[in-house]
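Let me begin by presenting the structure, written as structure tokens, before commenting on it.
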Amino acid sequence: MSTLLVTHSSFLQHDTGEWHPERADRIRSIERALSHPSFQDLLTVEAPLATPEQIVRCHPRAYFDFLETHQPKTELVPLDDGDTMLSPGSWEAALRSAGAAVYAVDEVMLKRATNAFCLARPPGHHAEIAKAMGFCLFNNAAVAAFHAKAAHGAERVAVVDFDVHHGNGTQAIFWNHADMFYASTHQMPLFPGTGGITERGETENICNAPLRAGDGSDEFREAFESVVLPSLRRFAPDLVIISAGFDAHRSDPLGNLNLTEADYAWVTRKLVDVARERCGGRVVSVLEGGYDLNALGQSAATHVKILLESF
């Protein structure tokens, strides 16, 4: 088996505007980093379109229809205060971004791949049940989690998120689902303002370990070792999905944490180890944030390198 890289050219066509931090160059920066010969064993596949049935397991059909019918023909259309944009290429990109995660789940659950990284945009973890926000349209990780349950009989699915911003959308979607687990490290206070330690879900299935501005490797690793990883082990998932945001890097302009590539290698290895213990190593990673292009490319490459080494 191998590590899959699931991506598509349509992700470059989701136009957010000239100065928007969540831009197509993010994909290009990671592609450049992964073009190194050390990644020659990656199996690259094209992301399919997610189906309406797959999307509406966690988003209402009315929300799906709203995004489809509001796709602009020429101009850019803001869905909120300008953070979250629709362009003529956004609808296909959004469907393929969710579709990448669904396809990765299929391949990993069917043991045709050891693990997978979805190099896709728009990101997803801020997308709530019926609301686009924070650059996100569909919640790709949540769509993938519900697909694992519906299509593959997974009884318990975990999403672990190390983006600098809290995944309010994933938390909201999972809140009442005892068979879904969400854990997050993130800077607080920071957008979107959620993610306090008292936010635990209806069945203690939410685990937040907020960090403070200025925190770095020591605090991040302690949060994982003492809070996130023990909770993940107790949950005993059938599949681990990683919301892989790289904007907690010390060079990122949208956060104030001080992680390095070594921290992303460390946390990826830790999550792979738990997946080996609990679910046969089944890991699907989906790209979330990361806005300094050099740091993003190098951090994502470090993350993928650990995935490659794990099979």
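Residue numbers 340 to 650, in the working numbering, belong to the letters of the sequence shown in order. For glycine and all other residues, C-beta sits at the position ideal for the given N, C-alpha and C. Here the structure is a predicted model, which is why all the values come from computation and not from measurement.
- Query: Under a Cβ-count criterion, where at least 16 other Cβ atoms within 10 Å of its own Cβ denotes burial, should Lys644 be classed as buried or exposed?
  - Reply: Numbered from its first residue, the sequence shown carries residue 644 at position 305. The residue in question, Lys644, is buried, as its Cβ has 16 or more Cβ neighbours within 10 Å.
- Taking C-beta to C-beta, are Ala440 and Ala490 nearer than 8 angstroms? Position 101 of the sequence shown, counted from the first residue, corresponds to residue 440. Position 151 of the sequence shown, counted from the first residue, corresponds to residue 490. No, these two residues do not count as a Cβ contact at 8 angstroms.
- Item | Contacting residues, own chain, Cβ-Cβ under 7 angstroms from His464 (five flanking each side not counted) | The count along the sequence shown starts at 1 and reaches residue 464 at position 125. Excluding sequence neighbours, His464 sits near Cys475, Asn478, Ala480, Asp500, Asp502, Gly506, Gly508, Thr509, Ser582, Glu627.
- Query: Contact between the region 396-408 and the region 367-383: three or more CB pairs below 8 angstroms?
  - Reply: no
- Query: By Cβ distance, which residues of its chain are closer than 8 angstroms to Gly553, with the 5 residues on each side in sequence left out?
  - Reply: Sequence index remark: in the sequence shown, residue 553 carries index 214 (1-based). So the qualifying residues of the chain are Asn595, Leu596, Asn597.
- Task: On a CA-only basis, which of Ser426, Gly534, Leu593, Ser523 is nearest Pro569? Give me that one, please.
- Result: Counting from 1 along the sequence shown, the entry for residue 569 is found at position 230. Per the Cα distances, Ser523.
- Task: Return the chain-ordered list of same chain residues with a C-beta closer than 6 angstroms to the C-beta of Tyr521, the five sequence neighbours on each side being excluded.
- Result: Within the sequence shown, the letter at position 182 stands for residue 521. These residues qualify, in order along the chain: Val498, Thr509, Gln510, Phe513, Ile545.
- Message: Strictly by DSSP, which residues pair up with Lys470?
- Response: Here residue 470 corresponds to residue number 131 of the sequence shown, with the count starting at 1. For Lys470, which the question treats as bridged, DSSP gives the partners Glu467.
- Euclidean distance between Cα positions of Ala517 and Gly620: What you label residue 517 is simply residue 178 of the sequence shown in a count that begins at 1. What you label residue 620 is simply residue 281 of the sequence shown in a count that begins at 1. When rounded, the distance between both Cα atoms is 22 angstroms.
- Task: List the endpoints of the continuous beta strand (DSSP E) containing Ser349.
- Result: Here residue 349 corresponds to residue number 10 of the sequence shown, with the count starting at 1. No beta strand (DSSP E) holds Ser349; DSSP gives it neither H nor E.
- Can you list, in chain order, the residues of its chain whose CB lies under 6 angstroms from that of Gly555, leaving out five sequence neighbours each side? The residue given as residue 555 occupies position 216 in the sequence shown. Excluding positions up to five away in sequence, the list reads Asn597.
- Item | Between the CA atoms of Ala614 and Glu446 - distance to the nearest angstrom | Indexing the sequence shown from 1 puts residue 446 at position 107. Indexing the sequence shown from 1 puts residue 614 at position 275. When rounded, the distance between both Cα atoms is 16 angstroms.
- Query: Of the choices Thr390, Arg451, Val606, whose alpha-carbon is the least far from that of Gly584?
  - Reply: Reading the sequence shown from its first residue, position 245 is the one you call residue 584. For the residues Thr390, Arg451, Val606, the minimum Cα distance to Gly584 belongs to Val606.
- Query: Who are the near neighbours of Gln637 in its chain, counting only those whose CB is closer than 8 angstroms to its CB and skipping five residues on each side?
  - Reply: Position 298 of the sequence shown, counting from 1, holds the residue named residue 637. Closer than 8 angstroms at Cβ, skipping near neighbours: Ala372, Glu600.
- Message: Mapping the DSSP letters down to three states, classify Ala440 as helix, strand or coil.
- Response: Here residue 440 refers to the residue found at position 101 of the sequence shown. In this structure, Ala440 counts as helix in the three-state DSSP scheme.
- Task: Kindly indicate the opening and closing residues of the beta strand (DSSP E) around Tyr521.
- Result: Looking up residue 521 in the sequence shown gives position 182. 519-526 is the span of the beta strand (DSSP E), which, as asked, contains Tyr521.
- So is Gly438 buried or exposed if we call it buried at 16+ other beta carbons inside 10 Å? Start at 1 with the first residue of the sequence shown, and residue 438 comes out as number 99. Buried, since its Cβ has 16 or more Cβ neighbours within 10 Å.
- Opening and closing residue of the beta strand (DSSP E) in which Asp500 lies: Counting from one through the sequence shown, the residue named residue 500 turns up at place 161. Unbroken beta strand (DSSP E) run through Asp500: 496-500.
- So, do the region 523-534 and the region 572-581 have three or more beta carbon pairs nearer to each other than 8 angstroms? no
- Message: Considering Cα atoms alone, identify which of Glu541, Ala562, Glu543 is closest to Arg551.
- Response: The residue labelled residue 551 in the question sits at position 212 within the sequence shown. Closest option to Arg551, Cα to Cα, is Ala562.
- Item | Assigned exposure category for Thr413 - 16 Cβ within 10 Å defines buried | Position 74 of the sequence shown holds residue 413. With fewer than 16 Cβ atoms within 10 Å of its Cβ, Thr413 is classed as exposed.
- Query: Based on the DSSP output, what are the partners of Gly555 in its beta bridges?
  - Reply: The sequence position of residue 555 within the sequence shown is 216, counting from 1. Answer is Asn597.
- Secondary structure at Ser582, three-state DSSP: helix, strand or coil? Locating residue 582 in the sequence shown gives position 243, where the first residue counts as 1. Correct three-state label for Ser582: strand.
- So, using beta-carbon positions, are Leu578 and Asp586 closer together than 8 angstroms? Numbered from 1 along the sequence shown, position 239 holds the residue referred to as residue 578. Numbered from 1 along the sequence shown, position 247 holds the residue referred to as residue 586. Not closer than 8 angstroms, so no.
- Message: Quick check on the DSSP output: the alpha helix (DSSP H) that includes Thr408 runs from which residue to which?
- Response: Along the sequence shown, read from residue 1 onward, the residue named residue 408 stands at position 69. Residues 400-408.
- Task: On a CA-only basis, which of Leu647, Gly356, Pro360, Ile468 is nearest Val285? Give me that one, please.
- Result: With the chain represented from 340 up to 650, any question about residue 285 goes unanswered, as that position is not in the structure.
- Item | First and last residue of the uninterrupted beta strand (DSSP E) at Thr383 | One-based indexing of the sequence shown puts residue 383 at position 44. Thr383 -> beta strand (DSSP E) spans 382-385.
- Item | Option nearest Glu467 by Cα separation, candidates Cys397, Glu558, Ile580 | Translated into the one-based positions of the sequence shown, residue 467 becomes position 128. When only C-alpha atoms are compared, the closest one is Cys397.
- Message: Would Leu458 and Leu344 qualify as a contact pair, given that the criterion is a beta-carbon distance under 8 angstroms?
- Response: Locating residue 458 in the sequence shown gives position 119, counting from the first residue. Locating residue 344 in the sequence shown gives position 5, counting from the first residue. For Leu458 and Leu344, yes; Cβs fall inside 8 angstroms.
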